[in-house]
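Comments concern the structure below.
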Amino acid sequence: VSITLARRHSTDPAGGSERARLDRLGPWQRTPAASRALLLGAAGAVLGVLTRRVDLLVLAVPFVLVATWGWLARPRGTGSAEARVGNRTLAEGDATAWTVTLQLPPGAEETILRLSPGRFVTVGPDADRTAVCAPADGGPVTRRIVARTTRWGMRRIGPGLIGARSAWWAYRTPICELGAFWVTATPAAARFDAAAMAPHPEGLVGVNRSVRPGAGTEFATIRPFQPGDRLRRIHWPSTLRSGTVQARTMYADADAHVVLVVDALSDLGPREGIDGRATSLDLTVRACAALAEHYARSGDRISLRVLGSESVSRVPVGSGRAQIRRVLDTLARIQPATDRDAVHVRALAGLGSGSLVVVLSPLVHPDIVGLVAAAAASGLTTIVIDTLPGHLVADPDDAYAALAWRLRRLDRDEEVHRLRAAGVPVVTWVGPGSLDVVLRGLARRTHARLVRR
Amino acid sequence: MSGQTWNRPRWGRVAWARLGWHRPAWGLQITVARTVVVLAPGAFLGIAHLAGGRLSPAWLLVAGLGLACARWPDTDVPLGGSAVLGIAWIVAVPGFSWLALPASFVGLAGHCACAFVAGAPDDAAVDRTLARLWAWRLAIVAAVTCVVAVLGCVVSVASPAGSVVFTALTLVAIGGWVLVQNRLAGPGPDAGPGGGPDRVGRV
Chain Z
147 VSITLARRHS TDPAGGSERA RLDRLGPWQR TPAASRALLL GAAGAVLGVL
197 TRRVDLLVLA VPFVLVATWG WLARPRGTGS AEARVGNRTL AEGDATAWTV
247 TLQLPPGAEE TILRLSPGRF VTVGPDADRT AVCAPADGGP VTRRIVARTT
297 RWGMRRIGPG LIGARSAWWA YRTPICELGA FWVTATPAAA RFDAAAMAPH
347 PEGLVGVNRS VRPGAGTEFA TIRPFQPGDR LRRIHWPSTL RSGTVQARTM
397 YADADAHVVL VVDALSDLGP REGIDGRATS LDLTVRACAA LAEHYARSGD
447 RISLRVLGSE SVSRVPVGSG RAQIRRVLDT LARIQPATDR DAVHVRALAG
497 LGSGSLVVVL SPLVHPDIVG LVAAAAASGL TTIVIDTLPG HLVADPDDAY
547 AALAWRLRRL DRDEEVHRLR AAGVPVVTWV GPGSLDVVLR GLARRTHARL
597 VRR
Chain B
7 MSGQTWNRPR WGRVAWARLG WHRPAWGLQI TVARTVVVLA PGAFLGIAHL
57 AGGRLSPAWL LVAGLGLACA RWPDTDVPLG GSAVLGIAWI VAVPGFSWLA
107 LPASFVGLAG HCACAFVAGA PDDAAVDRTL ARLWAWRLAI VAAVTCVVAV
157 LGCVVSVASP AGSVVFTALT LVAIGGWVLV QNRLAGPGPD AGPGGGPDRV
207 GRV
């Protein structure tokens, strides 16, 4: 079967174009139904005439008509098809449209399109998965089938199957594949908000209150006026009371560098997508997306380091909406447990002392605990967000798995206790307010150190 | 992409599923079409019996052909089944009966259902426009069949000479051919946008 499949997109997840085109939909082949109608009709008519039996002629007439009609209305020429997908980047749980446009030759009256569901891709509703439709007035047939990604990652939509048939199902084309597209399903950011500021911001712009005075907006103190102070900073009530010119001072506004460290060394739990129970990596990437959005919108600089994934490693520091997009794209490309090399403390090399390191991990892999302890010992402000899903430990269906997890959790609790003893806060991810308490605590600790100095 | 099929094979745990009858994804239309395919041979034999056919109980086994036709609709099995049913009619039914009309309708329905099932996915959903078009076509074929039955009866009663019948049939065939060429045949592959009607075979 000579079918020209001219795909301008590659099957590489990293690549891809917007459209896929099938230049030649055909050739048309005679179906067994057409041959059946011809043979039965001809045989019945001949027998009826020869034996002078009208009933045989009556039995044969429908088949004669069907065979003749199908042959006269046979298709002439070949068709073409073009498929495209609406949105190449979408959040998990969102849907996009796989649209195919067919240009069929005269005589082709029935087109069959089918888009099958894939891994973490649902197609639906079920009634729309397969469409049998006719071209309107000989024009092109356009059909949209909605596909929905149910889990973050690189997801493949398609390929769709296309076929066409002529009148009375007498001729048909081979079933052709068309339009497999890779789309990026970014993690759906969990809800997160933090009222507490980053503990020690060191940048030049941002919304965090710095410990040093400057031209910020938050009040610091009132002191005698000094040369260089702005006149609009004069505090007139105090000036009138004291008889000397007093001026307000402000804390500087600064931005922090938030380093998000994602533990992709393991992915624990059943992968049920966004509509089911979350795995440890689901919780991790969704929490990471939420933190990235929150801090980037707050004007802070964020960077990302991924441990355990061969395809991605880090996102350099940046801020703003572009950085959010960069982080989300990187999270979507994570392939868990593909990098088996031991996690080295150099994974956090190059960070300034003012960086806030947020490690998102289920704390199951022993290397992560060592990395966190080493980071804290080197003076980095480090917070660990525990993303071990609760349903893993309390599985009522498997008593042995529950017992194994119970034993593992005893070891894990010991490691967490040692981390806390070393001054590393470990908090469970609960969404909004998860970090408020620890951030305030870290800020107080910073102030205490400054006071001691 | 030769060899591609709409329906992926599902390997079941029981023989019933391996036979291909376990299709939880069947849509309503495919279910109806397969039911028609399965029941058509039995209905045809029943009509043959009502038409005065002297069918032995062994012919009841032929009713099971519907299962084979529904299982392998895209092969020559339906052709063999239809041939067997035709032979049964010739052998059993002594002469003309008006019940030949419903028998031919049953045969037409079985053929169309089998052809539809042969190339459609299990969960196919046909547009209403297309379904109406097919219904109109079936009605036309049924009407022509009725006309042929009436003409056949008239001719058989009148018993005209063979030359007269042959001449009349030839004229009807030529007239039908001209009509079809003018109304149904579409333009050739080189015809432009205004080269002729672009809808072929539509009623």
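Protein chains in written order, with my numbering: chain Z, 147 to 599; chain B, 7 to 209. Yeah, the Cβ is synthetic: ideal placement off N, Cα and C, and Gly gets one too.
Using the rule of at least 16 other Cβ atoms within 10 Å of the residue's Cβ for burial, across every protein chain shown, is residue i buried or exposed?
{"i": "residue 187 of chain Z", "result": "buried"}
{"i": "residue 59 of chain B", "result": "buried"}
{"i": "residue 163 of chain B", "result": "exposed"}
{"i": "residue 169 of chain B", "result": "exposed"}
{"i": "residue 415 of chain Z", "result": "buried"}
{"i": "residue 183 of chain B", "result": "exposed"}
{"i": "residue 4 of chain B", "result": "Here chain B comprises residues numbered 7 to 209, so residue 4 of chain B is not present and cannot be evaluated."}
{"i": "residue 558 of chain Z", "result": "buried"}
{"i": "residue 537 of chain Z", "result": "exposed"}
{"i": "residue 125 of chain B", "result": "buried"}
{"i": "residue 462 of chain Z", "result": "exposed"}
{"i": "residue 57 of chain B", "result": "buried"}
{"i": "residue 392 of chain Z", "result": "buried"}
{"i": "residue 397 of chain Z", "result": "buried"}
{"i": "residue 27 of chain B", "result": "Residue placement at residue 27 of chain B is poorly supported in this model, since its pLDDT is 48, which falls under 50; the coordinates still yield a value, given next. It is exposed - the Cβ of residue 27 of chain B has fewer than 16 other Cβ atoms within 10 Å."}
{"i": "residue 597 of chain Z", "result": "Note that residue 597 of chain Z has pLDDT 41, beneath the 50 cutoff, so the model's placement of it is unreliable and the number below is only indicative. Answer is exposed; the Cβ neighbour count stays below 16."}
{"i": "residue 546 of chain Z", "result": "exposed"}
{"i": "residue 152 of chain Z", "result": "Note on residue 152 of chain Z: pLDDT 31, under 50, position unreliable in the model; the coordinate value appears next. When all chains shown are included, residue 152 of chain Z counts as exposed."}
{"i": "residue 560 of chain Z", "result": "exposed"}
{"i": "residue 403 of chain Z", "result": "buried"}
{"i": "residue 207 of chain B", "result": "With a pLDDT of 34 at residue 207 of chain B, under the threshold of 50, the modelled position of that residue is not reliable, and the figure given next carries that caveat. With 16 or more Cβ atoms within 10 Å of its Cβ, residue 207 of chain B is classed as buried."}
Using three-state DSSP, classify residue i as helix, strand or coil.
{"i": "residue 35 of chain B", "result": "helix"}
{"i": "residue 229 of chain B", "result": "What the structure shows of chain B is the stretch from 7 to 209, and residue 229 of chain B is not part of that stretch, so it cannot be assessed."}
{"i": "residue 479 of chain Z", "result": "coil"}
{"i": "residue 168 of chain B", "result": "helix"}
{"i": "residue 426 of chain Z", "result": "helix"}
{"i": "residue 162 of chain B", "result": "helix"}
{"i": "residue 50 of chain B", "result": "helix"}
{"i": "residue 337 of chain Z", "result": "coil"}
{"i": "residue 187 of chain B", "result": "helix"}
{"i": "residue 460 of chain Z", "result": "strand"}
{"i": "residue 364 of chain Z", "result": "strand"}
{"i": "residue 135 of chain B", "result": "helix"}
{"i": "residue 468 of chain Z", "result": "helix"}
{"i": "residue 370 of chain Z", "result": "strand"}
{"i": "residue 568 of chain Z", "result": "coil"}
{"i": "residue 562 of chain Z", "result": "helix"}
{"i": "residue 130 of chain B", "result": "coil"}
Identify the continuous beta strand (DSSP E) that holds residue i and give its terminal residues.
{"i": "residue 254 of chain Z", "result": "254–261"}
{"i": "residue 403 of chain Z", "result": "403–409"}
{"i": "residue 290 of chain Z", "result": "287–295"}
{"i": "residue 244 of chain Z", "result": "241–249"}
{"i": "residue 538 of chain Z", "result": "First-last for residue 538 of chain Z: 536–539, but that is the alpha helix (DSSP H), not the beta strand (DSSP E)."}
{"i": "residue 225 of chain Z", "result": "225–231"}
{"i": "residue 268 of chain Z", "result": "267–269"}
{"i": "residue 502 of chain Z", "result": "502–507"}
{"i": "residue 485 of chain Z", "result": "Neither: residue 485 of chain Z is in no beta strand (DSSP E) and is coded neither H nor E."}
{"i": "residue 528 of chain Z", "result": "527–532"}
Where does the unbroken alpha helix (DSSP H) through residue i begin, and where does it stop?
{"i": "residue 205 of chain Z", "result": "200–218"}
{"i": "residue 110 of chain B", "result": "106–125"}
{"i": "residue 237 of chain Z", "result": "Counting along the chain, residue 237 of chain Z falls outside any alpha helix (DSSP H), though it belongs to the beta strand (DSSP E) covering 235–237."}
{"i": "residue 513 of chain Z", "result": "512–523"}
{"i": "residue 72 of chain B", "result": "71–77"}
{"i": "residue 88 of chain B", "result": "83–98"}
What are the partner residues of residue i, as DSSP defines its beta bridges?
{"i": "residue 380 of chain Z", "result": "Z:393"}
{"i": "residue 176 of chain Z", "result": "Z:317"}
{"i": "residue 327 of chain Z", "result": "Z:303"}
{"i": "residue 416 of chain Z", "result": "Per DSSP, none; premise fails for residue 416 of chain Z."}
{"i": "residue 449 of chain Z", "result": "Z:405"}
#### Entry: Interface residues of the stretch 42–61 of chain B facing chain D [CB-CB below 9 Å]
Here the protein chains are Z and B, and chain D is not one of them.
### Query
If you pair each beta-carbon of the stretch 401–412 of chain Z with each one of the stretch 448–463 of chain Z, do three or more pairs fall below 8 Å?
yes
### Query
Do three or more CB pairs link the stretch 248–259 of chain Z to the stretch 305–317 of chain Z at distances below 8 Å?
yes
#### Entry: the stretch 565–577 of chain Z in contact with the stretch 456–471 of chain Z per 3-pair CB rule at 8 Å
no
### Message
Does the contact criterion of 3 or more C-beta pairs under 8 Å hold for the stretch 410–424 of chain Z versus the stretch 314–325 of chain Z?
### Response
no
### Query
Are three or more beta carbon pairs between the stretch 322–340 of chain Z and the stretch 214–223 of chain Z nearer than 8 Å?
no
### Task
Would you check if the stretch 96–110 of chain B and the stretch 76–87 of chain B touch, i.e. whether three or more CB-CB distances between them fall below 8 Å?
no
### Task
Would you check if there are 3 or more beta carbon pairs closer than 8 Å linking the stretch 202–222 of chain Z to the stretch 293–301 of chain Z?
no
### Task
Decide yes or no for the touch test of the stretch 379–399 of chain Z against the stretch 196–210 of chain Z: beta carbon pairs closer than 8 Å, at least 3 of them.
no
### Query
Between the stretch 499–518 of chain Z and the stretch 526–534 of chain Z, do at least 3 Cβ pairs fall closer than 8 Å?
yes
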